[in-house]
Structure formats: structure tokens, C-alpha cells
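If you read the protein sequences in the order shown, they are chains H and V. The numbers in full-length UniProt numbering rise by one with no breaks, and the one at position 225 of the first sequence is 225. The numbers in full-length UniProt numbering rise by one with no breaks, and the one at position 200 of the second sequence is 200. Cβ atoms here follow ideal geometry from the backbone N, Cα and C, with glycine treated the same way. Each remark here refers to the structure printed beneath this line.
There are 2 protein chains.
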Amino acid sequence: MVAKRKKTATEPRLSTASRKWKQAAESGAVSSGTAAVDAESFLNRVRELKREIESREAAKQRFILQQSSDASSAARIEVRELDCDQVLAELERVILSAAKSILEGRGLSYKVPRRSAGNQEYVEELERIVLKDGVAIRNFASVASVRKTTIMTRVLQLVHELCTRRIHTTKRDLFYTDVKLFRQQTESDDVLNDVACLIGCTRNSLNVVASEKGIVVGRVTFQEDGDLIDCTRMGVGGKAIPPYTDRITNITSDAEFILLVEKDAAFMRLAEDRFYNRVKCIIVTAKGQPDVGTRLFLRRLKRELHLPILGLVDSDPYGLKILSVYMSGSKGMSYDSANLATPDIKWLGIRPTDLDRYGIPEQCRLAMTENDLKTGKDMLEEDFIKKNPAWHRELSLMVKRKEKAEIQALSNFGFQYLTEVYLPEKIRHGDWI
Amino acid sequence: MVAKRKKTATEPRLSTASRKWKQAAESGAVSSGTAAVDAESFLNRVRELKREIESREAAKQRFILQQSSDASSAARIEVRELDCDQVLAELERVILSAAKSILEGRGLSYKVPRRSAGNQEYVEELERIVLKDGVAIRNFASVASVRKTTIMTRVLQLVHELCTRRIHTTKRDLFYTDVKLFRQQTESDDVLNDVACLIGCTRNSLNVVASEKGIVVGRVTFQEDGDLIDCTRMGVGGKAIPPYTDRITNITSDAEFILLVEKDAAFMRLAEDRFYNRVKCIIVTAKGQPDVGTRLFLRRLKRELHLPILGLVDSDPYGLKILSVYMSGSKGMSYDSANLATPDIKWLGIRPTDLDRYGIPEQCRLAMTENDLKTGKDMLEEDFIKKNPAWHRELSLMVKRKEKAEIQALSNFGFQYLTEVYLPEKIRHGDWI
């Protein structure tokens with residue numbers, strides 16, 4: 001049955017193709033999984049994108065170098081990934097200077113970078129949020145800060161133990177090591193972020209990690225804690241991305257790009273069809289909101305393999321939000337943004353303009369709720385949307401039409417439409433923004 | 001600092017051991033990951049349990065055989081796992097008989113097993129919920145059932161397409177293939193369960209699967225869609241369990257038991273410490289509420305490897321609920337219980353009596369909310385708790401004390417207390433119920 005669709009002024013070519021494919025699929029003329037991706041020119045647009053990204057990357061590096069040699073520019077706090085020995089050395093430096101201060105009669109205190117919103121800024125050239133140079137003094141002799149100072153000292157000791165033993169733990173476990181002192185997990189979590197800023201390292205460098213959620217499949221191999229992992233041989237379920245990437249080494253790949261997928265249903269389709277063998281790519285998903293483990297992993301892939309990243313998300317404000325979290329980091333951990341953010345992700349789909357171009361029937365589109373609309377309107381004002389006119393146009397259209405759609409809406413044309421038609425079309429035409 | 005603890009009349013030996021271990025850990029005397037699991041006798045209790053389970057399994061088989069030869073016993077609907085060709089044959093049989101009925105002037109109708117609560121029962125000998133033999137006639141000529149009958153016909157056609165192409169899809173994708181007809185996903189989901197009952201197969205046999213959530217690590221290898229997966233070489237992140245197990249073949253293992261873990265934080269600790277190399281086991285988690293994929297996988301492991309399963313969950317009513325879902329299935333899919341349920345899981349910990357035995361300080365225990373207490377009290381009345389007096393005692397104690405605790409509470413004694421002391425102690429003493 002051919003889906004009825006809205007008449008619009010946009011390009012009707014693809015929706016005709018969709019219709020034909022649906023008919024072919026229903027009559028059994030499409031043989032599953034074998035549609036070869038032909039022609040030499042198929043990957044031209046992806047390769048162009050790769051060159052473009054490389055030259056932008058070089059420009060950014062020049063900007064960073066210039067900044068660091070330019071003493072007049074605003075100081076910023078950017079933390080680095082440190083190994084256990086480096087963290088231990090920094091911890092010992094902090095404690096030594098605290099001990100010295102006590103011996104000299106000035107008492108125990110720590111100088112902690114402020115992480116409040118007023119001390120944050122979005123840096124256009126770096127494409128991410130960073131901390132400015134505001135600092136707070138946390139003093140043991142003050143009634144207002146005695147508790148925080150005590151908690152800080154305890155957390156420093158616990159992190160020292162983790163790094164000495166070279167093991168990882170979760171924030172929850174850390175909290176339970178001294179509930180009497182911490183009282184609430186928010187308190188130990190909060191101080192943990194302070195400690196990362198104080199040491200000048202990422203939270204993961206402190207060996208306190210979030211739980212894992214992401215999975216990966218496709219054309220990449222690496223060593224994980226000594227085990228060789230070949231992600232083309234991970235069956236249909238894929239490999240669970242570990243919560244910490246410091247055990248991952250020797251990443252190699254012959255992929256042309258990374259396909260970042262919002263939802264596991266789409267991931268499952270791609271994995272079962274072994275899409276990565278037809279179009280050489282690496283497929284990553286965090287199953288919804290990106291967790292720290294997946295963000296770190298994506299960033300490692302990008303930094304070591306220099307591949308373009310194409311995002312496949314729902315056509316709703318949350319899909320965009322998810323891309324933005326991967327790209328510029330969340331505000332809560334802005335000090336860590338350099339190490340978690342992966343700038344330059346292209347929005348492949350599902351985009352509001354796709355709904356008409358691919359002739360997605362009205363029944364598969366959903367009305368946006370009041371809340372969706374509010375989120376969409378707020379996002380139109382955000383820096384990361386404003387600086388990308390094409391994204392701004394798409395989001396404006398979404399808010400104007402008050403329509404959203406899930407990746408699954410493509411199933412209207414058949415179960416394998418996503419892997420057999422939609423993605424190959426998109427990639428061939430370089431249809432990302 | 002030694003945690004203050006409640007004075008109780010219970011065995012203080014272990015809590016003293018806990019305290020000593022904590023002191024040793026804090027003074028650096030415990031070397032991480034190397035504590036060898038000595039003595040030949042260490043696994044005696046696990047091996048005893050294995051023999052016990054095997055003999056019970058044999059008794060159950062005898063019961064099933066006797067039932068099927070005993071015509072007077074109540075008829076029950078139990079679906080089987082079928083492969084694509086078998087499902088296709090059944091689908092064609094159903095449609096053929098429908099066509100015949102139309103040609104004979106009796107119109108289109110389907111005989112669908114009832115899945116309502118009144119048609120369910122818990123079978124003690126089988127240790128799971130099953131469907132009784134109530135049947136409903138779904139008639140196209142009746143105004144009340146015309147819509148359901150139409151949806152049913154469409155779902156039969158879609159499942160036929162999936163099985164012909166030998167691909168899997170999610171319930172959400174299935175819904176989107178015909179939103180105009182289905183209107184709500186609940187309607188297509190509901191009919192899908194009916195189709196499974198009608199065909200006499202599991203929902204997964206229809207190639208419509210839930211999304212994946214679980215991970216596995218440890219001493220097991222298998223083929224997944226042709227790829228050899230060795231779960232001892234899956235780094236620290238583990239292998240994602242696929243949403244369908246029909247692509248998994250050739251399971252082999254030298255493990256002594258399966259450790260089923262509620263939470264990913266505990267899983268992470270076990271994986272990083274490579275606990276499975278010190279005590280040969282397979283470690284599985286669904287990260288909270290078990291999904292169908294993980295339940296199917298666990299059942300496959302149990303059925304093919306005949307290993308005891310030890311459950312490590314939070315000491316609260318939800319921890320127990322999770323064990324019960326693995327063991328006897330959820331009510332919504334009772335027709336499928338035989339293929340999803342893994343009876344005979346032992347409750348290793350954290351148990352209410354552990355809180356005192358291991359001297360878990362009061363600060364690490366949490367007060368149960370009104371809701372927790374209600375859930376706990378309701379569970380005391382349920383069959384699966386009542387038939388196991390030891391579980392009933394523990395749950396009664398929990399409700400009486402109004403105290404719960406998470407697995408992470410063990411971190412109070414040190415980050416690796418779980419793998420270095422708690423689990424080895426439990427296993428050595430056969431301390432499960």
C-alpha cells in the first residue's frame with residue numbers, strides 16, 4: 001500500500017524511490033543484505049568531508065598554539081588526561097603544599113577552581129565550553145568550609161588509593177567508602193569534580209568512572225586490557241564499550257567514517273545487516289543519552305583515526321540535544337569538556353526536511369508536545385545551533401511544523417529500508433549538515 | 001577508621017574478618033588482584049550444588065513426561081522455540097485454514113488462546129507460570145472483533161516477511177510498518193503476543209525482539225552469527241548480549257557456576273579484577289530489570305552447561321523481584337515462561353542477614369520507604385517466596401527491620417572487598433539459599 005503524503009514544494013525524487021522500494025520489498029524483489037554498494041564514486045562525499053575536517057583540525061591546532069603563546073588572552077582551565085603516576089605525583093604535590101601551609105601556621109586550605117555557570121564560557125574556536133580562571137579558597141579554619149575541606153582531604157586520600165592500586169571504581173562505590181562523612185552522594189560527587197579541577201585532570205584520570213552503556217560494532221580493532229578486540233567479529237550483539245578508555249590501545253581501522261546512532265533498535269538493524277561490511281564504517285551507540293564512557297570512546301576513535309562522524313538521531317529536539325552533548329559537552333562537567341567533546345559531528349538524519357523528501361506518511365509523524373516545543377525554541381537560542389545556519393533552519397522548520405519523527409518511522413517502507421536505501425542514498429549524496 | 005556497628009547476637013566472625021581486611025587494605029598490605037584462591041576444597045559446595053540441581057532437573061523431566069502421557073491432567077499452553085521454517089509452516093497452516101473457512105462460507109476467524117490473569121497458573125513442579133487452555137474466537141464478521149482480526153492478519157503477514165527474509169526487528173519497528181492500522185504500539189504488541197500463542201512459539205521465534213541491555217564476561221565461548229566469541233578475552237567492558245539467541249551456537253565453558261549480578265557497578269568490579277580467572281565462572285548482568293535478551297541468554301547457558309546460578313542483588317524487595325523475573329517469568333508473558341524462565345537461582349547476597357554478619361555499618365544501610373515496605377509485604381504472599389522458607393525468613397527480616405542495602409555498601413570495607421573477601425567467603429561456605 002502506497003503511503004499518502006503531503007504535497008510539498010520539496011524535491012520529490014527520493015520519495016518516489018521510497019515508494020518503488022517499498023513495492024519491490026513487498027513483492028519480494030529485494031534480496032536482503034546483498035544489495036552491493038557499487039560505483040567508485042559512492043564514497044566521494046565522505047572522503048571530501050574527511051579532508052575538510054582535517055584542514056579545520058589543523059586550523060584549530062594553530063589557534064591553540066597561538067593562544068598559549070599569547071599571554072594577554074584570558075586564562076582558561078583545561079584539564080588533561082593523566083596516567084596513574086602523574087595523578088599520584090600531583091596528589092602528593094597538593095598534600096605537600098597543604099602540609100607546608102599547616103607547618104607554617106597558615107592552616108589547611110585548598111585553592112579550588114570555581115565550576116559555577118558564571119565561570120564558564122563557550123569558546124567558538126575550540127567549539128566547546130571551558131572554565132574561566134576563577135578560584136575559591138577552601139579553608140579548614142572557616143566554619144563555612146570546614147566540611148567541604150574535610151571531604152576534599154578524604155577524597156584525595158581515596159583517589160590516591162585507587163591510583164596506587166591501579167583499579168577503577170564508580171562514584172557510588174566511592175560514596176559508600178565513607179557514608180558517615182559524605183552523607184549524600186551528591187557531596188562526594190561534587191568534591192570529586194573539584195579534585196579533578198585541582199589536579200588538572202579529567203574525572204576518569206582519577207579512576208572514578210561512570211557505568212557503561214554503549215556498544216560498538218564495525219571496522220575497528222583495538223587492544224582492551226591486553227585482549228585483542230576485532231569489532232567486525234562481535235556477532236550481532238556488538239562489543240560493550242568499557243567505562244574507561246585508558247585500557248584501550250592500538251586502535252586500527254579501515255573505516256571511511258563513524259556512524260553514531262541514537263537508539264539501539266537502529267543499531268540492531270545495522271549490526272544484523274552487517275552494514276559496516278557493505279559501507280566500511282564503525283557503528284557506535286550509547287542507547288539514548290550519551291554516557292561518559294561512550295563519549296570518551298568516540299573521542300578516542302576520532303582523535304586517532306581522523307574519521308568523519310555522521311549522526312543518526314530522531315527528528316526531535318532531544319535527538320539534537322544528544323548530538324550537542326557529544327559535540328560540546330554538558331554544562332555540569334565543563335572543566336572536562338576538552339576531553340569529552342568530539343566537535344564536528346555531522347547531522348545525517350532523521351532531519352525535519354527528510355520527512356517530506358522521503359515521503360514519510362503523516363501517520364508516522366508525531367505531534368510535538370508543549371514540552372518538546374519549549375525545548376526546541378530554547379535550543380534555537382543556543383550557541384551551538386546558532387553558529388550552524390543549516391541546523392538552525394532545520395530546527396526552525398521542526399518547531400514551525402510542530403512535527404517530530406523517530407528513526408523507526410523509516411520502517412514504514414520496509415524493515416530494511418534504513419540500511420538498503422536511506423543510509424546509502426544519504427552517504428552517496430553527502431546529505432549531511 | 002573502623003566502622004561502628006550494631007551489636008547483635010549473630011555470628012561475629014565475618015565482621016571481624018571484614019574489619020581486619022579493611023585495616024590491611026588501608027595500610028596497603030593487600031595486594032590487588034593477586035589473592036589466590038587456594039585449597040582444593042574451595043569449590044566443594046558449588047560442586048555439591050551442581051549435583052543437587054542435576055538430580056532435581058531429572059525429577060522435573062520425569063514429571064513433564066508423566067504429564068504428557070496423562071490425558072486427564074489439565075491442558076496447558078506452552079510455546080516452543082521454533083526456527084524460521086517451522087514458524088513459516090505454522091503461519092501457512094493458520095492462513096490456509098482461515099482461507100478454507102472463508103470458502104466454506106463461515107467467514108474469517110482465528111482461535112486465539114486467552115492470556116488474561118484468569119487463564120494463568122503457577123505450576124509448582126515446573127516452577128513457573130503457565131497458561132491454561134482457555135481460548136477466544138476472534139471473528140472478522142463481528143463489530144467487536146473486526147479491528148483485532150484485521151490487525152492479526154496484518155501481523156501474520158509481517159511476521160511471514162521477517163521469517164522469509166530471516167531478519168529480526170523490534171516491536172517499535174513492527175508498529176511503524178503500519179501505523180494507520182495499528183494506531184497505538186500497544187495494539188500491535190498485544191496482537192504479537194496473541195500470534196505467538198496461536199503459532200505455539202516464543203515471541204523471539206517470530207523474529208520480533210526486544211532491545212539488548214545485558215553484558216557477559218568470563219569463562220564461556222560461543223559462536224555468534226558465525227563469529228567466535230571468547231568471553232575471557234573481552235577486555236574489561238565485556239561482550240554485549242544480543243537481543244536474540246538463535247544466532248548463538250556451540251556454547252562451551254569450563255566454569256563452575258554462573259554469577260548473576262544485578263548492577264553494572266558490581267559487574268565492572270568483577271570484570272576489572274578478572275574474578276572469573278580466580279574462581280572459574282561466567283558473569284552476567286542485565287543492568288537492573290532483566291530484559292528478554294539476557295533472560296534467554298541465561299537460560300541457554302543453564303540448559304546447555306548445567307551450571308548452578310548464584311544471584312548477587314541489592315538487599316531490597318526489588319533485588320528479589322529481579323531474581324523472581326529470571327526464575328519464574330513475568331505475568332505479561334506467561335505463555336512464554338518455559339522459554340524465558342531459569343528456575344533454581346540461588347540467592348547468594350546481599351541478604352538481610354548479611355548486614356549484621358558482615359558488620360555493614362548503619363550509615364551504609366538505608367531506611368525502606370513506605371513503597372519498599374508495601375512491595376516487600378506483598379512479596380511475602382507470593383508463591384515463589386512462600387515455597388522457599390529461607391527466602392521467606394530473609395524477606396520477613398528485611399520488612400521487620402525496615403532496612404535495605406545496596407551491593408555497593410560493601411565498598412565501605414574497601415574497593416575490592418567484594419571480589420577479595422565477600423564472594424570467596426560466600427562461595428567457600430556455600431552461603432546461598
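7 Å Cβ cut-off: residues of chain H touching residue i
i	result
V:Tyr326	Within chain H, no residue comes near V:Tyr326; the closest Cβ sits about 19 Å away, beyond 7 Å.
V:Asp264	Ser211, Glu212
V:Ile241	Gly237
V:Glu224	Gly235, Val236, Gly237
Candidates the options, of which the one nearest residue i by Cα
i	options	result
V:Leu320	V:Ile282, V:Thr375, V:Leu340	V:Thr375
H:Val195	H:Thr169, H:Ala271, H:Pro113	H:Pro113
H:Asp178	H:Leu380, H:Gly200, H:Thr153	H:Thr153
V:Leu397	V:Ala98, V:Ile102, V:Ile345, V:Pro317	V:Pro317
V:Ile385	V:Gln408, V:Leu418, V:Ile345, V:Arg357	V:Ile345
V:Trp432	V:Arg80, V:Asn388, V:Gly214	V:Asn388
H:Val192	H:Gln184, H:Leu181, H:Arg183, H:Leu206	First, the amino acid is wrong: residue 192 of chain H is Leu here, not Val. Cα-wise, what sits closest to H:Leu192 is H:Leu206.
H:Ala89	H:Glu161, H:Val146, H:Ala117	H:Glu161
H:Asp273	V:Arg166, V:Leu410, V:Val87	V:Arg166
H:Arg269	V:Glu54, V:Gly238, V:Arg172, V:Arg80	V:Arg172
V:Asp225	V:Thr249, V:Leu340, V:Gly235	V:Thr249
V:Gly238	H:Val216, H:Thr186, H:Ala255, H:Glu256	H:Val216
residue 435 of chain V	V:Pro424, V:Ala341, V:Lys426	With chain V running from 1 to 433 in the structure shown, residue 435 of chain V is simply not present.
H:Val135	H:Leu103, H:Ile95, H:Ser411, H:Cys197	H:Cys197
H:Lys377	H:Cys364, H:Ala390, H:Val399	H:Val399
V:Gln61	V:Leu126, V:Glu425, V:Gly329	V:Leu126
H:Gly105	H:Val208, H:Cys84, H:Ala141, H:Pro242	H:Ala141
V:Leu373	V:Leu395, V:Leu298, V:Leu131, V:Phe297	V:Leu395
Delimiting residues of the alpha helix (DSSP H) encompassing residue i
i	result
H:Pro317	317-328
V:Phe384	383-386
H:Phe297	292-305
H:Val421	Per DSSP, H:Val421 belongs to no alpha helix (DSSP H) and is neither H nor E.
H:Asn277	275-278
V:Lys100	84-103
H:Arg106	Premise fails: H:Arg106 is in no alpha helix (DSSP H) and is neither H nor E.
H:Ala405	Run containing H:Ala405: none; DSSP gives neither H nor E here.
H:Arg138	H:Arg138 -> not in any alpha helix (DSSP H); beta strand (DSSP E) instead, spanning 135-139.
H:Leu310	Not the alpha helix (DSSP H): H:Leu310 falls in the beta strand (DSSP E), residues 309-312.
V:Leu270	264-272
Residue i at chain A interface by Cβ criterion, 9 Å
i	result
V:Gln66	No chain A is part of this structure, whose protein chains are labelled H and V.
Element boundaries [beta strand (DSSP E), containing residue i]
i	result
H:Val123	120-123
V:Tyr110	109-113
H:Ile258	257-261
V:Thr342	Element bounds for V:Thr342: n/a, residue is neither H nor E.
V:Ser253	248-253
Chain V residues whose Cβ lies nearer than 7 Å to that of residue i
i	result
H:Ile215	Ala240
H:Arg114	Result: empty, since nearest Cβ-Cβ is about 30 Å, beyond 7 Å.
Where residue i meets chain V, residues with beta-carbon distance less than 8 Å
i	result
H:Ala268	Strictly speaking, residue 268 of chain H in this sequence is Met, with Ala absent from that position. Within chain V, the residues near H:Met268 are His168, Thr170, Val209, Ser211, Glu212, Pro243.
H:Arg299	Result: empty, since nearest Cβ-Cβ is about 16 Å, beyond 8 Å.
H:Leu162	Phe415
Proximal residues of chain H, C-beta to C-beta of residue i below 9 Å
i	result
V:Ile229	Arg233, Met234, Gly235, Gly237
Chain V residues whose Cβ lies nearer than 9 Å to that of residue i
i	result
H:Arg295	Chain V residues near H:Arg295: none, gap ~15 Å exceeds 9 Å.
Interface partners of residue i on chain H, CB under 8 Å
i	result
V:Arg247	Gly235, Val236
Taking a cut of 7 Å between CB atoms, which residues from the segment 171-203 of chain V lie near chain H? Legend: CB atoms of the segment 171-203 of chain V lying less than 7 Å from CB atoms of chain H belong to residues Arg172, Asp173, Tyr176, Thr177, Val179, Lys180.
Along the segment 142-160 of chain H, what residues have a CB closer than 9 Å to any CB found in chain V? Under the 9 Å Cβ criterion, the segment 142-160 of chain H contributes Leu158.
List, from N- to C-terminal side, the alpha helix (DSSP H) runs of 4 residues or more that fit wholly inside the segment 356-402 of chain H. Whole alpha helix (DSSP H) segments, 4+ residues: 370-380, 383-386, 389-401.
Residues within the segment 351-382 of chain H neighbouring chain V, beta-carbon criterion of under 8 Å: Residues passing the 8 Å Cβ filter: Pro361, Gln363, Cys364.
Report the start-end ranges of each alpha helix (DSSP H) in the segment 158-237 of chain H that is 4 residues or longer and not cut off at the edges. Every alpha helix (DSSP H) stretch that sits fully inside the segment 158-237 of chain H and reaches 4 residues is listed by chain position as 171-176, 179-182, 185-199.
With 7 Å as the C-beta to C-beta threshold (strictly closer), list the residues of the segment 401-427 of chain H near chain V in chain order. Cβ contacts with chain V come from Gln408, Ala409, Ser411, Asn412, Phe415, Gln416.
Taking a Cβ distance cut-off of 9 Å, strictly less, list which residues of the segment 272-292 of chain H are near chain V, in chain order. Within the segment 272-292 of chain H, the qualifying residues are Glu272, Asp273, Arg274, Lys287.
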